[in-house]
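Chains A and B, in that order, give the protein sequences.
At position 80 of the first sequence (counting the first as 1) the number is 80 in UniProt numbering, and the numbers step up by one without a gap.
At position 109 of the second sequence (counting the first as 1) the number is 109 in UniProt numbering, and the numbers step up by one without a gap.
In this text, a Cβ means the ideal position worked out from N, Cα and C, and glycines have one as well.
Down below is the structure, laid out as structure tokens.
There are 2 protein chains.
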Amino acid sequence: MRPLFHPALEDIKPEAILYALSDPERVAIYAKLAGAAGGGTCSALADLGDRIIPKSSLSNHFKVLRESGLIRSERQGVEMRNQTRCAELDERFPGLVSAILMAYGQLAKEPKTG
Amino acid sequence: MRPLFHPALEDIKPEAILYALSDPERVAIYAKLAGAAGGGTCSALADLGDRIIPKSSLSNHFKVLRESGLIRSERQGVEMRNQTRCAELDERFPGLVSAILMAYGQLAKEPKTG
DNA sequence: ATCAACAGTTCCGAATTTCTGAACTACGGA
DNA sequence: TCCGTAGTTCAGAAATTCGGAACTGTTGAT
């Protein structure tokens, strides 16, 4: 297995962040991760309520999040601990990630249309 | 020609905004538009300095920006006036667009790597 | 040491999306 | 009406995404 790539803080690009968070499934994963204390594993985040994300898709979502700089993943025994890099990121792009999460959060507050 | 579609404010989705602004060419277009006073035309924004965006690609970029809710386009004689919907948008998703533009602006301030 | 179970990754083909040259539509002026 | 300009639509090649199946790496049991 290839070692996992994490960009250095200064190499993180806004387009990668926006792209990663332009997928609601990835946002759902990221938001759960941001809420979870100890760092979530892949399989713990696969269930979206209305659908269970296939393993390979899930792995790809984590890769996109990781390589965009949004999360850090490290192997811990048989599983993978994933945690957000939000403190770092907020230093580099102040307010960006939180504004995005707020925007998605906004949707949840509104009455469903459709 | 089909009439141009503009989503109502309440139908604007964060994923569409993020997706639209995850492309540096579109961000460059949007940023110029945000800076321009009277609303820019397509052809006035085609030149990116290092590359001239082909007409059809440009038209598609404007379509993505328009249908995500970022801009409003209206025909004025032979050309198209495009203007940002930033005031409206900021009401719906406070701070989102400005945080994104700030993040991209951040890059410009840093010494180029590569 | 060998085996089984499990977490996650990689591979690869199908489906979808993006890109852009060429053809087309719409408007205004002569 | 015919021409020029601004932008849209079409179509097919190229690139990307999705997800099942096979694989890798780790732990624990025998």
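Neighbour flag for residue i against chain B, beta carbons, 8 Å
i                      : result
A103 of chain A        : yes
I52 of chain A         : no
Y30 of chain A         : no
A8 of chain A          : no
D23 of chain A         : yes
residue 122 of chain A : A question about residue 122 of chain A goes unanswered here, because the residues of chain A that appear run from 1 up to 114.
L107 of chain A        : yes
With 16 other Cβ atoms within 10 Å as the buried cut-off, status of residue i
i               : result
G40 of chain A  : buried
R2 of chain A   : exposed
G114 of chain B : Only weak support is given to the placement of G114 of chain B: the predicted model assigns it a pLDDT of 47, under 50, and the value that follows is read from those uncertain coordinates. Exposed, since its Cβ has fewer than 16 Cβ neighbours within 10 Å.
F5 of chain A   : exposed
A108 of chain A : exposed
P14 of chain A  : buried
S59 of chain A  : exposed
A44 of chain B  : exposed
I71 of chain B  : buried
A37 of chain B  : exposed
P99 of chain B  : Correcting the residue identity first, residue 99 of chain B is Ala in this sequence and not Pro. Result: buried.
I52 of chain B  : exposed
S56 of chain B  : exposed
A87 of chain B  : exposed
A8 of chain B   : exposed
Boundaries (first-last residue) of the beta strand (DSSP E) holding residue i
i              : result
S73 of chain A : 71-76
Span of the alpha helix (DSSP H), counted from its first residue to its last, around residue i
i                      : result
E67 of chain A         : 55-68
E79 of chain B         : Run containing E79 of chain B: none in the alpha helix (DSSP H); it sits in the beta strand (DSSP E), 79-84.
residue 154 of chain A : A query on residue 154 of chain A cannot be resolved here, the shown segment of chain A reaching from 1 to 114 and no further.
P7 of chain A          : Segment: none, P7 of chain A is in no alpha helix (DSSP H) and carries neither H nor E.
R2 of chain B          : Note, R2 of chain B: premise wrong, no alpha helix (DSSP H); not H, not E.
L18 of chain A         : 14-20
Residue-chain proximity (residue i, chain A), Cβ-Cβ < 8 Å
i               : result
F93 of chain B  : yes
P14 of chain B  : yes
I100 of chain B : yes
L96 of chain B  : yes
L18 of chain B  : yes
Identified DSSP bridge partners for residue i
i              : result
D47 of chain B : B:I52
G40 of chain A : A:N82
Inset, instruction - Would you check if there are 3 or more beta carbon pairs closer than 8 Å linking the segment 60-67 of chain B to the segment 91-106 of chain B? - result: no
Legend entry - Cβ pair count under 8 Å reaching 3, the segment 15-35 of chain B against the segment 71-87 of chain A: no
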